[in-house]
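UniProt numbering puts the first residue of the sequence shown at 1, with every later residue one more than the last. Yeah, the Cβ is synthetic: ideal placement off N, Cα and C, and Gly gets one too. Keep in mind the model is a prediction, meaning the values are calculated, not measured. Here the structure is laid out as structure tokens; the discussion comes afterwards.
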Amino acid sequence: MQNNIKDIENESDSVGSNSVYNEMVLNFISNLGYKDISSLFSEENQIKNESSPMLERRFKIREIIEKGDINNVITELNDINVELIDENYYLYYLLIQHKAYEKANKLHSIKNLDDKSKSKMILKVIDYLKEEVNMIIEKYDELHGLLEDFLEYLIFNSSNIKIENKRKELGDIINKMILEKYSLGESELERVVKGIVSEESTLSKTNKFIEFKKWIKRE
């Protein structure tokens with residue numbers, strides 16, 4: 001994500017004084033829930049960075065996720081609306097599983113751990129996950145693939161899975177769910193994206209313009 005945002009900033013320089021373009025980019029970044037990046041982009045392009053209580057909450061939640069503090073994430077979500085978790089088994093599962101990911105990440109960070117101790121710690125993580133989400137896993141088949149990916153990371157420390165990527169994925173999902181819950185998803189995020197795409201052909205006639213349709217698909 002950082003690299004993609006940098007691409008946007010670089011392309012923005014070539015557009016120059018086109019404030020409409022920069023405002024659309026800023027809205028797009030803000031709707032993704034990245035406070036630091038949106039603040040930097042706003043400052044560098046001298047655009048007023050509008051905020052709101054809900055936007056600040058989404059910023060805060062993503063920042064907490066990036067620190068791996070899932071208990072605090074749950075608290076923040078419940079403060080917004082307990083229904084976000086209580087009425088969404090998928091989100092509940094993801095939160096519990098990510099707590100297990102963080103436990104596994106700490107396990108993998110321990111150096112010179114003997115096999116016996118490692119096996120014991122792995123079993124503790126499995127027991128935790130089983131106790132918390134066993135009934136949900138049995139009920140919803142679509143969760144099986146997520147569980148298999150987690151076990152691969154836990155047992156084999158698979159290089160295909162990075163904790164930073166898992167945090168980003170969780171942040172993206174929660175951010176989208178909040179937007180949809182409060183009818184901000186389609187009306188705001190899609191409006192921003194459609195605006196960028198619709199302006200692409202016009203702006204590209206006089207400026208070097210990033211191909212947002214391709215960039216968005218990479219996400």
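In terms of alpha-carbon separation, which member of the options lies closest to residue i?
i: G171; options: L151, D69, S42, L26; result: D69
i: G145; options: E83, N88, Q97; result: Q97
i: S42; options: I110, D127, V82, L26; result: L26
i: K67; options: E87, I155, I80, K99; result: K99
i: L151; options: L113, D127, M135; result: D127
i: E169; options: S117, I61, L113, D86; result: I61
i: residue 268; options: I85, D115, D114, L113; result: Residue numbering for the chain in the displayed model covers 1 to 219; residue 268 lies beyond these limits and cannot be assessed.
Does the beta-carbon distance from residue i to residue j come in below 8 Å?
i: N71; j: N45; result: no
i: V73; j: L95; result: yes
i: Y182; j: M24; result: no
i: N175; j: R58; result: yes
i: Y89; j: Y140; result: yes
i: residue 293; j: I47; result: Because the chain here runs from 1 to 219, residue 293 falls outside it and cannot be looked at.
i: I64; j: E83; result: no
i: I163; j: D149; result: no
i: L143; j: V125; result: no
Within the same chain, show all residues whose beta-carbon is closer than 6 Å to that of residue i, passing over the 5 residues directly before and after it, in chain order.
i: residue 220; result: Since the first and last residues shown for the chain are 1 and 219, residue 220 lies out of range.
i: E132; result: I96
i: S19; result: none
i: K130; result: none
For a test of the three-state rule: what should DSSP assign to residue i, helix, strand or coil?
i: V133; result: helix
i: I80; result: helix
i: D69; result: coil
i: S19; result: helix
i: I122; result: helix
i: N175; result: helix
i: I85; result: helix
i: D127; result: helix
i: L113; result: coil
i: I74; result: helix
i: K103; result: helix
i: Y93; result: helix
i: N165; result: helix
Could you name the residues of the same chain whose beta carbon sits closer than 7 Å to that of residue i, not counting the 5 residues immediately before and after it, in chain order?
i: L147; result: I137
i: H108; result: N157
Which residues in the same chain have their Cβ closer than 8 Å to the Cβ of residue i, if we skip the five residues on either side of it in sequence?
i: I173; result: L91, L94
Given 8 Å, three or more beta-carbon pairs between the stretch 118-128 and the stretch 100-110: yes
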